[in-house]
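Before any comments, here is the structure.
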Amino acid sequence: MSRNSRSDETRLHFTDVFQQEEQDEIDFGPKRRRRGCCVRVTSVLFKVFFLILFIVFIVVPVVYKYSYTVQKFFLFLNFGEYLFLTSWSVYFDFRVTSVLFKVFFLILFIVFIVVPVVYKYSYTVQKFFLFLNFVKWPPNLNLTKPTEVGLEGTRNFYITDGKVKIGAWHILPASLIAEANQTILSNENVEAQWDSWLQNGRPVIVYAHGNSGHRGAGHRVQLYHVLQKTDFHIITFDYRGYGDSSDIPIDELGLVQDLLTVYKWAQKKTNSSIFIWGHSLGTGQMYTIFPWFNYFFTTPMFDNGLRFESDKNLENVSTSILILHAKDDRIVPYKLGLRLYQHIAAKRTNDNESIQMQSYDADKHYGHKFICDDPGLPNLVETFFQKSVQRRNRSSS
Numbered sequence: 001m002s003r004n005s006r007s008d009e010t011r012l013h014f015t016d017v018f019q020q021e022e023q024d025e026i027d028f029g030p031k032r033r034r035r036g037c038c039v040r041v042t043s044v045l046f047k048v049f050f051l052i053l054f055i056v057f058i059v060v061p062v063v064y065k066y067s068y069t070v071q072k073f074f075l076f077l078n079f080g081e082y083l084f085l086t087s088w089s090v091y092f093d094f095r096v097t098s099v100l101f102k103v104f105f106l107i108l109f110i111v112f113i114v115v116p117v118v119y120k121y122s123y124t125v126q127k128f129f130l131f132l133n134f135v136k137w138p139p140n141l142n143l144t145k146p147t148e149v150g151l152e153g154t155r156n157f158y159i160t161d162g163k164v165k166i167g168a169w170h171i172l173p174a175s176l177i178a179e180a181n182q183t184i185l186s187n188e189n190v191e192a193q194w195d196s197w198l199q200n201g202r203p204v205i206v207y208a209h210g211n212s213g214h215r216g217a218g219h220r221v222q223l224y225h226v227l228q229k230t231d232f233h234i235i236t237f238d239y240r241g242y243g244d245s246s247d248i249p250i251d252e253l254g255l256v257q258d259l260l261t262v263y264k265w266a267q268k269k270t271n272s273s274i275f276i277w278g279h280s281l282g283t284g285q286m287y288t289i290f291p292w293f294n295y296f297f298t299t300p301m302f303d304n305g306l307r308f309e310s311d312k313n314l315e316n317v318s319t320s321i322l323i324l325h326a327k328d329d330r331i332v333p334y335k336l337g338l339r340l341y342q343h344i345a346a347k348r349t350n351d352n353e354s355i356q357m358q359s360y361d362a363d364k365h366y367g368h369k370f371i372c373d374d375p376g377l378p379n380l381v382e383t384f385f386q387k388s389v390q391r392r393n394r395s396s397s
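Heads up, the sequence shown is in full-length UniProt numbering, so the first residue is 1 and it goes up one at a time.
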């Protein structure tokens, strides 16, 4: 199968539904303000950095080209205290300055010339930066023991599909934790008992995480706690190339196939409603301010099938969709989430209730991953699930 080909099944790719961030406990006070402050400071530093680059690589060359005075100024350096320096100090200062300038321009050359060119022509490098599956955080975590990240009522297991082994956790809803803690299971009846708990009627959430890390990353565990307290089953897993799943080459089709494998596994195990909870595979926006960004970055990825076209993938999907997006999201800009919602809503003119978008103002500082801090999130999700089931029942009757 070529990179650009897709079956109808694999095009059933699920978009960003919810977003969350890590912290040990939900905190709606000073910590969130500090996070917002850190985001703003980081943003300011990036702006200052790119302003300096703009001055060095745009303003200075243009002024130098057309100003005879500036040319003499930099050529002779006959200003200030340099007139009074000894020949040794002049030589030493020149040598140090020369080395610093060489290092500085070498870094800039690598970042703005080498990286874009290599990225454009290397499919491997594109996947490397897009999926970030080499990032193992937290490091040295034993994924076979979910208790190490503070999860109760959780079982580690593996799903095999052909040559792909997918590492996964089944996290029980809060109402079943006490029973699970009191139940002594032998190796023979572990799977049967957990399968029976999966049949207790509560909704099942299949969680598809974003790039980097694994299913035990802190911000994902924080979300699991919120969903567990809301009394949902959670099936969370690592795609191929992530965590303790099969270490094989990764691409968009492979990720979608792994999600479908886990979804089909859940379908076989329970008759309860199953919902897909997807989090961003967004990448950094560092180069997007430059006019050649599309040529070096976007177009090559598109040509190599690394597209993640949520709008097209969802056009023919009839299931209910809930999109949550913070207006201060700096990884996946809010306008993209809004554009996705408007695109899908336009395709569902006869069923507007099947798609919903919840926006969060920037002053809440939820950003790309902190939406799990929203105190109204559990009720919002529960209401959405109930309406989705009612809508499905009406359409099937």
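Beta carbons: idealized from backbone N, C-alpha and C, even for Gly. Predicted model only: the values in this text are computed from it and were never measured.
Assigned with DSSP and collapsed to three states, L227 falls in helix. Y207 sits away from N133, with the two beta carbons spaced by 8 Å or more. In this chain, the beta strand (DSSP E) harbouring W277 covers 274-278. For Q356, same chain residues with a beta-carbon under 6 Å away, outside a window of 5 residues either side, are L322 in chain order. Excluding residues up to 5 positions away in sequence, R220, H279 lie with their Cβ nearer than 6 Å to the Cβ of H209 in the same chain. Secondary structure note for S196: its alpha helix (DSSP H) is the uninterrupted segment 190-197. In the structure shown, T124 falls within a helical segment according to DSSP collapsed to helix, strand and coil. Counted as a single uninterrupted DSSP element, the beta strand (DSSP E) harbouring I355 occupies residues 355-360. With a cutoff of 8 Å on beta-carbon distance, L198 and K269 are scored as near each other. The C-alpha of T383 is placed about 33 Å away from the C-alpha of P138. The residues T154, R155, N156, W169, I171, G216, in chain order, have a CB closer than 8 Å to that of P146 in the same chain once the five nearest residues on each side in sequence are set aside. Residue pairing of V59 in beta bridges, as defined by DSSP: absent, with no partner found.
Counting along the chain, I166 sits inside the beta strand (DSSP E) bounded by residues 164-171. For A180, the enclosing alpha helix (DSSP H) has its first and last residue at 177-182. About 6 Å separates the beta carbon of Y224 from that of L151, a gap short enough to meet the 8 Å contact definition.
Residues V135, W137 of the same chain have their beta carbon placed closer than 7 Å to that of G213, with the five preceding and five following residues left out of the count. With contact defined as three or more Cβ pairs closer than 8 Å, the segment 187-194 and the segment 222-236 are not in contact. Shown here, N156 sits in a strand according to DSSP, grouped into three states. Within the DSSP secondary-structure output, L322 pairs in a beta bridge with Q356. For Y207, the uninterrupted beta strand (DSSP E) segment begins and ends at 204-208.
Minimum Cα-Cα distance from R348 among the listed residues V164, S318, T160, I113 corresponds to S318.
Counting the other Cβ atoms within 10 Å of the Cβ of S245 gives 16 or more, which makes it buried. Put simply, the backbone Cα of K364 is about 14 Å away from that of R330. Judged by beta-carbon spacing, L227 lies beyond the 8 Å limit of I235, meaning their Cβ atoms are not closer than that value. Under the DSSP assignment, I234 falls in the beta strand (DSSP E) whose first and last residues are 233-237. In the structure shown, the three-state DSSP call for D161 is strand.
Within the same chain, Cβ atoms closer than 7 Å to the Cβ of L340 are found at T15, S310, D311, I323, the five residues on either side in sequence being excluded.
Of all alpha-carbon atoms in L255, L100, V63, the one lying nearest the alpha-carbon of D161 is that of L255.
Between A345 and Y334, the C-beta gap is not smaller than 8 Å, which leaves the two residues out of contact. Selection V164, F104, P203 evaluated against A174 yields P203 as nearest (Cα-Cα). Excluding the 5 residues flanking it on each side, P378 has same chain C-beta neighbours closer than 6 Å at T230, in chain order. With a beta-carbon spacing of about 7 Å, S273 and F385 fall inside the 8 Å limit used to define contacts. For W265, the enclosing alpha helix (DSSP H) stretches over residues 252-269. Per DSSP, reduced to three states, the secondary structure at V317 is coil, with no helix or strand assignment.
Residue environment analysis places L185 among the exposed positions, since fewer than 16 neighbouring C-beta atoms fall within 10 angstroms of its C-beta. Remark: C-beta atoms of Y263 and I250 do not approach each other more closely than 8 Å.
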